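The listed protein sequences correspond, in order, to chains X and G. With full-length UniProt numbering, you'll find the first sequence wraps up at 108, consecutive numbering, no jumps. With full-length UniProt numbering, you'll find the second sequence wraps up at 108, consecutive numbering, no jumps. Idealized CB from N, CA, C, for every residue including glycine. These numbers were taken from a predicted model, which means no experiment stands behind them.
Protein chains: 2
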Amino acid sequence: MGVTKTEVFTDEHNRIAELAKAFAHPARVAILQLLAQKKACVCGDLVDELPLAQATVSQHLKELKRIGIIKGEINPPRVCYCINEAVWQEARELFGSVLDTFTPNNCC
Amino acid sequence: MGVTKTEVFTDEHNRIAELAKAFAHPARVAILQLLAQKKACVCGDLVDELPLAQATVSQHLKELKRIGIIKGEINPPRVCYCINEAVWQEARELFGSVLDTFTPNNCC
DNA sequence: GATTGTGATCGCAATATTACGATAAAAGTA
DNA sequence: TACTTTTATCGTAATATTGCGATCACAATC
């Protein structure tokens, strides 16, 4: 297999998993952090900051765009990437909804 | 390839990515939520709650245990799984450290 | 000592991910 | 039109992940 059975899980669980995937690779964490702190924005600048080939960075950007957490604005010959504020907020809320509902137990 | 170049990223970025992986699959989100809300604890109960085979659930539990976000206590013939509070807190802090440092921009 | 209940592990198949060189695409510039 | 710059995409290779049936391991119980 290798294919996740998304259809048997709730939409919320699938969405949380998808948003978590955005952060589930160190390069993507680095990209998101650079964009969030506005230390970079243009694709080429991100490539300069990251120890990865241009093709690889572009691929990660594509995945982040697919998830929706970033958006790109073409500014020939450059492309400027930015955090999608609404989705960023969605991530905060969904992660919070899971992480904040932990009640310590004495079960084990 | 298929192998992440962890050595070229910071420890923090790698750790965030690893913790995010815990949430990067809907089954694991469901497991973590069940444990956080204490609606299940024993492995068998988790299997009953999830639409996956026992072997698959066990594998996800192993991965969560490897990451450290859950711990298991053997209680023959059962095994009781619980959230590792310290790591749960670590996740909250690290995710927060990224998600809270977003300053809206007017770049694009 | 055989049986039972519970969970871990093995082995396999299928798909996904990561990485990168090479090349294409797009739009401006000479 | 040719050239340059920047980014996307293609193709490929290697490794990782997901899923499950079958089996193993362990301790309790009969």
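According to the DSSP assignment, residue 14(X) belongs to the alpha helix (DSSP H) that extends over 11 to 22. The Cβ of residue 77(G) sits no closer than 7 angstroms to any Cβ of chain X.
In the three-state reduction of the DSSP assignment, residue 31(G) falls in the helix class. For residue 67(X), the uninterrupted alpha helix (DSSP H) run begins and ends at 54 to 67, by DSSP.
Residues of the segment 35 to 65 of chain G whose Cβ lies closer than 8 angstroms to any Cβ of chain X, in chain order: 36, 37, 38, 41, 51 and 52. For the pair residue 19(G) and residue 43(X), the Cα-to-Cα distance works out to about 26 angstroms. Residue burial is scored here from C-beta neighbours: residue 66(X) has fewer than 16 other C-beta atoms within 10 angstroms and is therefore classed as exposed. For residue 2(X), the secondary structure class from DSSP, reduced to helix, strand or coil, is coil. In the DSSP assignment, residue 73(X) forms a beta bridge with 80(X). Ranked by Cα distance from residue 47(G), the first of 63(G), 38(G), 27(G) and 37(G) is 27(G). Going by DSSP, residue 49(G) is part of the alpha helix (DSSP H) stretching over 43 to 49. Contact with chain X is absent for residue 86(G), since none of that chain's Cβ atoms lies less than 7 angstroms from the residue's Cβ. The beta carbons of residue 30(G) and residue 21(X) sit no closer together than 7 angstroms.
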